[in-house]
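Notes follow the structure.
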Amino acid sequence: MTLHVDSPLFATRRRALQLAGVAALAAVLAPRMSFATEAQVAEEMKKLFGGRAMGEGKIKLDVPEIAENGLVVPINIDVDSPMTEADFVKSVHVFADGNPLPQVVTYTFTPESGKASASARMRLAQTQNVIAVAEMSSGALFSARSQVKVTIGGCGG
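Residue numbers for the sequence shown follow the working numbering, so the first one is 4 and each next one is one higher.
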(Lines of atoms letter the chains of each structure in order from A and count residues from 1; the text may use other names and numbers.)
(Lines give C-alpha, C1' and ligand atoms only; values in the text may rest on other atoms or scores of the structure.)
Protein backbone atom coordinates (compact mmCIF):
# COMPACT_ATOMS: atom_id res chain seq x y z
CA MET A 1 0.00 0.00 0.00
CA THR A 2 1.37 3.39 -0.98
CA LEU A 3 0.41 6.52 0.93
CA HIS A 4 0.05 9.80 -0.86
CA VAL A 5 0.64 13.15 0.82
CA ASP A 6 -3.00 14.11 0.37
CA SER A 7 -4.23 10.79 1.78
CA PRO A 8 -6.36 11.10 5.00
CA LEU A 9 -4.34 8.26 6.56
CA PHE A 10 -1.10 10.14 5.95
CA ALA A 11 -2.47 13.27 7.60
CA THR A 12 -3.65 11.22 10.58
CA ARG A 13 -0.27 9.57 11.07
CA ARG A 14 1.52 12.93 10.71
CA ARG A 15 -0.86 14.45 13.26
CA ALA A 16 -0.29 11.53 15.65
CA LEU A 17 3.49 11.97 15.41
CA GLN A 18 3.15 15.71 16.07
CA LEU A 19 0.99 15.07 19.12
CA ALA A 20 3.43 12.45 20.39
CA GLY A 21 6.28 14.95 20.06
CA VAL A 22 4.36 17.62 21.97
CA ALA A 23 3.44 15.10 24.69
CA ALA A 24 7.06 14.01 25.07
CA LEU A 25 8.22 17.62 25.34
CA ALA A 26 5.54 18.36 27.94
CA ALA A 27 6.57 15.29 29.96
CA VAL A 28 10.17 16.50 30.04
CA LEU A 29 9.45 20.16 30.81
CA ALA A 30 6.43 19.91 33.12
CA PRO A 31 8.31 18.67 36.21
CA ARG A 32 10.78 21.54 35.85
CA MET A 33 8.08 24.16 35.53
CA SER A 34 5.75 23.14 38.36
CA PHE A 35 7.26 23.62 41.79
CA ALA A 36 5.35 24.23 44.98
CA THR A 37 5.63 27.75 46.33
CA GLU A 38 5.89 28.93 49.92
CA ALA A 39 2.21 29.92 49.68
CA GLN A 40 1.24 26.40 48.56
CA VAL A 41 3.20 24.89 51.45
CA ALA A 42 1.43 27.26 53.86
CA GLU A 43 -1.94 26.30 52.34
CA GLU A 44 -1.16 22.58 52.67
CA MET A 45 -0.11 23.07 56.29
CA LYS A 46 -3.31 25.02 56.98
CA LYS A 47 -5.35 22.12 55.56
CA LEU A 48 -3.61 19.69 57.89
CA PHE A 49 -3.29 21.77 61.04
CA GLY A 50 -5.84 24.56 60.73
CA GLY A 51 -4.79 27.68 62.53
CA ARG A 52 -3.02 25.93 65.42
CA ALA A 53 0.14 27.66 66.62
CA MET A 54 3.48 25.92 66.13
CA GLY A 55 6.16 25.93 68.76
CA GLU A 56 9.86 25.41 68.29
CA GLY A 57 12.50 23.43 70.10
CA LYS A 58 11.28 19.85 70.34
CA ILE A 59 12.03 18.84 66.77
CA LYS A 60 15.52 18.59 65.29
CA LEU A 61 15.75 18.69 61.50
CA ASP A 62 19.15 17.67 60.19
CA VAL A 63 19.69 18.39 56.49
CA PRO A 64 22.85 19.57 54.74
CA GLU A 65 23.22 23.30 54.24
CA ILE A 66 24.60 22.65 50.75
CA ALA A 67 23.63 19.61 48.69
CA GLU A 68 26.14 18.80 45.96
CA ASN A 69 23.79 16.19 44.54
CA GLY A 70 20.11 17.16 44.65
CA LEU A 71 19.09 13.59 43.77
CA VAL A 72 20.01 12.14 47.18
CA VAL A 73 19.74 14.70 49.97
CA PRO A 74 19.81 13.05 53.41
CA ILE A 75 17.20 14.15 55.94
CA ASN A 76 17.19 13.16 59.61
CA ILE A 77 14.43 14.03 62.06
CA ASP A 78 14.47 13.58 65.83
CA VAL A 79 11.69 14.73 68.16
CA ASP A 80 12.25 15.07 71.91
CA SER A 81 9.43 13.06 73.47
CA PRO A 82 9.13 10.49 76.27
CA MET A 83 7.01 8.32 73.90
CA THR A 84 4.68 7.14 76.68
CA GLU A 85 0.96 6.41 76.36
CA ALA A 86 0.22 9.87 77.79
CA ASP A 87 2.81 11.85 75.81
CA PHE A 88 4.07 10.80 72.39
CA VAL A 89 4.66 12.01 68.84
CA LYS A 90 1.73 11.07 66.61
CA SER A 91 3.26 12.13 63.31
CA VAL A 92 5.93 14.15 61.58
CA HIS A 93 5.18 15.83 58.25
CA VAL A 94 7.93 17.07 55.93
CA PHE A 95 7.28 19.85 53.41
CA ALA A 96 9.47 21.40 50.70
CA ASP A 97 8.60 24.59 48.86
CA GLY A 98 10.51 23.74 45.69
CA ASN A 99 9.22 20.25 44.96
CA PRO A 100 6.30 19.41 42.66
CA LEU A 101 4.17 18.47 45.69
CA PRO A 102 4.38 20.57 48.87
CA GLN A 103 4.18 17.57 51.25
CA VAL A 104 7.13 15.24 50.78
CA VAL A 105 6.59 12.55 53.42
CA THR A 106 4.65 11.79 56.60
CA TYR A 107 5.92 9.54 59.37
CA THR A 108 3.50 8.05 61.90
CA PHE A 109 4.59 7.02 65.40
CA THR A 110 3.05 5.26 68.39
CA PRO A 111 4.30 4.87 71.98
CA GLU A 112 5.61 1.46 70.90
CA SER A 113 7.99 3.20 68.50
CA GLY A 114 10.17 3.97 71.51
CA LYS A 115 11.77 6.95 69.79
CA ALA A 116 10.44 9.55 67.37
CA SER A 117 13.22 9.47 64.83
CA ALA A 118 13.31 8.99 61.07
CA SER A 119 15.83 9.20 58.24
CA ALA A 120 15.41 9.28 54.50
CA ARG A 121 16.88 10.63 51.33
CA MET A 122 14.87 13.03 49.24
CA ARG A 123 15.24 14.64 45.86
CA LEU A 124 15.52 18.42 45.76
CA ALA A 125 15.40 19.98 42.31
CA GLN A 126 16.54 23.42 43.43
CA THR A 127 17.50 25.48 46.47
CA GLN A 128 14.52 25.39 48.82
CA ASN A 129 13.20 25.34 52.35
CA VAL A 130 12.57 22.02 54.07
CA ILE A 131 10.05 22.17 56.92
CA ALA A 132 9.29 19.45 59.45
CA VAL A 133 6.19 19.61 61.67
CA ALA A 134 5.74 17.24 64.60
CA GLU A 135 2.20 16.64 65.89
CA MET A 136 2.09 15.49 69.49
CA SER A 137 -0.58 13.28 71.10
CA SER A 138 -1.78 16.37 73.00
CA GLY A 139 -2.42 18.16 69.70
CA ALA A 140 0.56 20.50 70.15
CA LEU A 141 2.62 21.26 67.04
CA PHE A 142 6.35 21.89 66.77
CA SER A 143 8.22 22.88 63.64
CA ALA A 144 11.74 23.24 62.34
CA ARG A 145 12.87 24.79 59.07
CA SER A 146 16.11 24.69 57.14
CA GLN A 147 17.15 25.95 53.73
CA VAL A 148 19.08 23.54 51.52
CA LYS A 149 21.14 25.03 48.71
CA VAL A 150 21.36 22.69 45.74
CA THR A 151 24.52 23.32 43.71
CA ILE A 152 24.72 23.33 39.95
CA GLY A 153 26.32 19.86 40.08
CA GLY A 154 23.02 18.55 41.50
CA CYS A 155 19.79 18.73 39.56
CA GLY A 156 19.16 22.45 39.91
CA GLY A 157 20.56 25.77 40.98
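The beta carbon of each residue, even a glycine, is placed where N, CA and C say it ideally should be.
Count the other C-beta atoms from every protein chain shown that fall within 10 angstroms of the C-beta of residue i, then say buried if there are 16 or more, exposed otherwise.
i	result
Pro105	buried
Lys144	Position check: residue 144 holds Leu in this sequence, whereas Lys was assumed. By the 10 Å Cβ count, Leu144 comes out buried.
Ser146	buried
Thr100	The question names Thr, but residue 100 in the sequence shown is Asp. So Asp100 ends up on the buried side.
Gly58	exposed
Gly73	buried
Ile62	buried
Gly157	Bear in mind that the predicted position of Gly157 carries a pLDDT of just 46, short of 50, making it unreliable; the figure below should be weighed with that in mind. Answer is buried; the Cβ neighbour count reaches 16.
Gln131	buried
From the DSSP output, in three-state form, read off residue i for me.
i	result
Val44	helix
Lys118	coil
Phe52	helix
Leu12	Since pLDDT at Leu12 reaches only 48, below the 50 mark, its modelled position is unreliable, and no value is offered.
If I follow the unbroken beta strand (DSSP E) through residue i, where does it start and stop?
i	result
Arg148	Leu144 to Val153
Gln129	It is not in any beta strand (DSSP E) - Gln129 carries neither H nor E in the DSSP assignment.
Ser94	Val92 to Ala99
Asp65	Ile62 to Asp65
Val108	Gln106 to Thr111
Pro85	Element bounds for Pro85: n/a, residue is neither H nor E.
Would residue i pass as a contact of residue j if the rule is Cβ separation under 8 Å?
i	j	result
Met125	Val76	yes
Val92	Ile78	no
Met86	Ser116	yes
Ala123	Phe38	no
Val153	Val97	no
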